[in-house]
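Single-structure report; data block below.
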Amino acid sequence: MLITMIVLKNLIDGDWREGDSIFASTNPSNLDEIVAQCVSGSADQVMESIAAAKTAFAEWSHSSILLRHDILMRVASELREREVELGRLVSCEQGKTLREATAEVVRAAQIFEFFAGECLRIQGEKLASVRPGVEVDITREALGVIGLITPWNIPIAIPAWKIAPALAYGNCIVFKPAELVSATAWHLVDIICRAGVPQGVLNLVMGSGKVIGSAMARSPDIDGISFTGSTTTGRTIATNCAEHGTKLQMEMGGKNPLVVLADADMDLALDCAIDSAFFATGQRCTAASRLIVEDAIHDYFVQALIERMKAIKIGHALDPATDIGPVVSEGQLEQNLRYIDIGQGEGATLAFGGSRIEGTTRGYFMQPALFSSASNGMRICQEEIFGPVAAVTRVADYDEALQVANDTQFGLSAGICTRNLACAMHFRRNVAAGIVAVNLPTAGADFHVPFGGRKASSLGPREQGRSAIEFYTTTKTSYLRC
Ligand code: NAD
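For the sequence shown, the numbering used here gives the first residue as 7, with consecutive numbering after it.
What follows is the structure in structure tokens.
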């Protein structure tokens, strides 16, 4: 078990350093348990990290692809060897069930394996020139010093899907994780460091977003920022980056729809709705918080969903019987409960749940909530809540369902449950989202394919899979007279 009272330090230029102060992460399943103590860095430490990364870049960006491959593979194998131990840490620090947390650690390992392979597959293009006797070579080069800013909900896989491609393509990194899950981030960095990453290539600065993240976004010496988090924070970062023209990749909030048509396999549709809306405590950017249900089955669907919700076991994340762990923090729980009031105030019916509940330990446990009679203009259907709260909207037919699904500022993920091939194909082509799921939950993406959204959900090139190269490299066109 990793819970220890050793203070976890920042990694700057290859040294573990003290910070300005110390903060603790607490187990949301048991508020009497401190998971870790971490140092909080400073803007000066950000500057030092950037300088170290800049120095290291000259050698690392031209290092052997085999060296990078081998380092990433060593990271993957340690993650796999320690999947249960690290899964427990993720579960204790973030609150997702042990099953979900262990799967996330395995996913992080898969990502490192994938990008280890990508190190050996960096390609260019050779084209004929319009000028006789001239050849054109198009190659990719590492972008430079990359700032990585990550959220708390996917504490090891999101850092993995940014760090692995950054290293694979020869970049140096300054990494700032969300405070709530800093210990998980620290252990990942420790593993990468011991896998043989040279001094200065990977730097970790833990602490507050307003201090550390903001110093990164404002720095003229960072070549790119890859951010995952809320749309509000993303827009602040984008404003700060604009001053120096820093390249940006941002994955942000969602208000994802799941459409259920009358011809759907009802058991499958109910499974998809429960998984999409409530698993991982609804704290997934791809969670479906809007259930758009065709009139003919609406009443049946709502009632059947409530029956299933009654069977969900909420409790300590390490308890094997638990289906849904706690909400991550007091602030997030307050926000969820505030939206329960807002929804009722707007005239939606609270059909099930929506209150704080007691567990066997003192934690942030909440009964998942279902609103019915919601209209899509309501705040509960337009604003990201980021908790186990879903609202059902009744629609007359498929055409209205599609129109409601697209009536949002966000565009991350969208799903439809139907047996009608024509509707499934039409939805796939016309829903304004980066990810579409047919007869599947809206959450749950593969690790080797592009991930990202549209509209207020995303900015810049896609993450993951072979698309990652777009952000982490820059293209060079060379003309050669032979
Ligand atoms: P957040 O925006 O509050 O914080 C994200 C990160 O930004 C944290 O590390 C935080 O410290 C940092 N930060 C805060 N203020 C900053 C500033 N002024 N400058 C620079 N950095 C700053 O988000 P969160 O609460 O940690 O995570 C939940 C959000 O993340 C939700 O909106 C969710 O939808 C989103 N998310 C999106 C995806 C995706 O791929 N689209 C994936 C996971 C989570």
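All residues carry an ideal CB built from backbone N, CA and C; glycine is no exception. Predicted model only: the values in this text are computed from it and were never measured.
For residue i, report the span of its beta strand (DSSP E) as first-last.
{"i": "residue 485", "result": "479-487"}
{"i": "residue 127", "result": "That residue, residue 127, is in no beta strand (DSSP E); it is neither H nor E in DSSP."}
{"i": "residue 21", "result": "21-23"}
{"i": "residue 423", "result": "419-423"}
{"i": "residue 159", "result": "Where residue 159 is concerned, there is no enclosing beta strand (DSSP E), given that its DSSP letter is neither H nor E."}
{"i": "residue 295", "result": "294-300"}
{"i": "residue 46", "result": "36-46"}
Could you tell me whether any non-hydrogen atom of the ligand NAD is closer than 7 Å to the CB of residue i?
{"i": "residue 102", "result": "no"}
{"i": "residue 110", "result": "no"}
{"i": "residue 259", "result": "yes"}
{"i": "residue 209", "result": "no"}
{"i": "residue 192", "result": "no"}
{"i": "residue 390", "result": "yes"}
{"i": "residue 177", "result": "no"}
{"i": "residue 160", "result": "yes"}
{"i": "residue 223", "result": "yes"}
{"i": "residue 324", "result": "no"}
{"i": "residue 164", "result": "yes"}
{"i": "residue 67", "result": "no"}
{"i": "residue 184", "result": "yes"}
{"i": "residue 47", "result": "no"}
{"i": "residue 232", "result": "no"}
{"i": "residue 202", "result": "no"}
{"i": "residue 418", "result": "yes"}
{"i": "residue 188", "result": "no"}
{"i": "residue 215", "result": "yes"}
{"i": "residue 228", "result": "no"}
{"i": "residue 157", "result": "yes"}
{"i": "residue 219", "result": "yes"}
{"i": "residue 243", "result": "yes"}
Which of the three DSSP states, helix, strand or coil, is assigned to residue i?
{"i": "residue 444", "result": "strand"}
{"i": "residue 474", "result": "helix"}
{"i": "residue 137", "result": "coil"}
{"i": "residue 359", "result": "coil"}
{"i": "residue 253", "result": "strand"}
{"i": "residue 282", "result": "helix"}
{"i": "residue 460", "result": "strand"}
{"i": "residue 364", "result": "coil"}
{"i": "residue 389", "result": "coil"}
{"i": "residue 212", "result": "coil"}
{"i": "residue 287", "result": "helix"}
{"i": "residue 18", "result": "strand"}
{"i": "residue 205", "result": "coil"}
{"i": "residue 328", "result": "coil"}
{"i": "residue 381", "result": "coil"}
{"i": "residue 469", "result": "strand"}
{"i": "residue 273", "result": "helix"}
{"i": "residue 264", "result": "strand"}
{"i": "residue 148", "result": "strand"}
{"i": "residue 305", "result": "helix"}
{"i": "residue 103", "result": "coil"}
{"i": "residue 143", "result": "strand"}
{"i": "residue 315", "result": "helix"}
{"i": "residue 371", "result": "coil"}
{"i": "residue 396", "result": "strand"}
Could you tell me the boundaries of the alpha helix (DSSP H) in which residue i lies?
{"i": "residue 90", "result": "89-100"}
{"i": "residue 347", "result": "336-352"}
{"i": "residue 436", "result": "427-436"}
{"i": "residue 178", "result": "Per DSSP, residue 178 belongs to no alpha helix (DSSP H); it is in the beta strand (DSSP E), 178-182."}
{"i": "residue 241", "result": "237-248"}
{"i": "residue 54", "result": "49-66"}
{"i": "residue 220", "result": "220-224"}
{"i": "residue 217", "result": "Element bounds for residue 217: n/a, residue is neither H nor E."}
{"i": "residue 410", "result": "404-412"}
{"i": "residue 188", "result": "188-200"}
Does any C-beta atom of chain D lie closer than 8 Å to the C-beta of residue i?
{"i": "residue 21", "result": "Absence of chain D from the displayed structure is noted, only one protein chain being present."}
Checklist line | Stretch pair the region 295-302 + the region 338-354: three plus CB contacts closer than 8 Å | finding: no
Check: Do the region 412-432 and the region 259-278 make contact, defined as three or more Cβ pairs closer than 8 Å?
Finding: yes
Next item on the list: Decide yes or no for the touch test of the region 263-275 against the region 172-190: beta carbon pairs closer than 8 Å, at least 3 of them.
Entry: no
Notebook entry, point to check: Are the region 155-165 and the region 129-145 in contact at 8 Å, needing three or more beta carbon pairs?
Noted result: no
Next item on the list: Assess, as a yes-or-no matter, whether the region 101-113 is touched by the region 217-231 under the definition of 3 or more beta carbon pairs within less than 8 Å.
Entry: no
Note to self: Below 8 Å, how does it come out for the region 422-438 and the region 326-333: are there three or more Cβ pairs, yes or no?
What the structure shows: no
Next item on the list: Would you check if there are 3 or more beta carbon pairs closer than 8 Å linking the region 77-89 to the region 16-27?
Entry: no
Check: Quick check: the region 147-157 against the region 478-485, are there 3 or more CB pairs under 8 Å?
Finding: yes
Next item on the list: Report yes or no: do the region 377-384 and the region 392-409 share at least 3 C-beta pairs separated by less than 8 Å?
Entry: yes
Notebook entry, point to check: When the Cβ atoms of the region 40-55 are set against those of the region 25-32, are three or more pairs found closer than 8 Å?
Noted result: yes
Margin query: Counting beta carbon pairs with one atom in the region 368-378 and one in the region 133-143, are three or more of them shorter than 8 Å?
Written below: no
Checklist line | Segment contact, 8 Å Cβ cut-off, at least three pairs: the region 306-325 with the region 95-102 | finding: yes
Margin query: Does the region 116-129 come into contact with the region 232-247, if we say contact requires no fewer than three beta-carbon pairs (one atom in each stretch) closer than 8 Å?
Written below: no
Next item on the list: Taking 8 Å as the threshold, find out whether the region 444-455 comes into contact with the region 276-293 through three or more Cβ pairs.
Entry: yes
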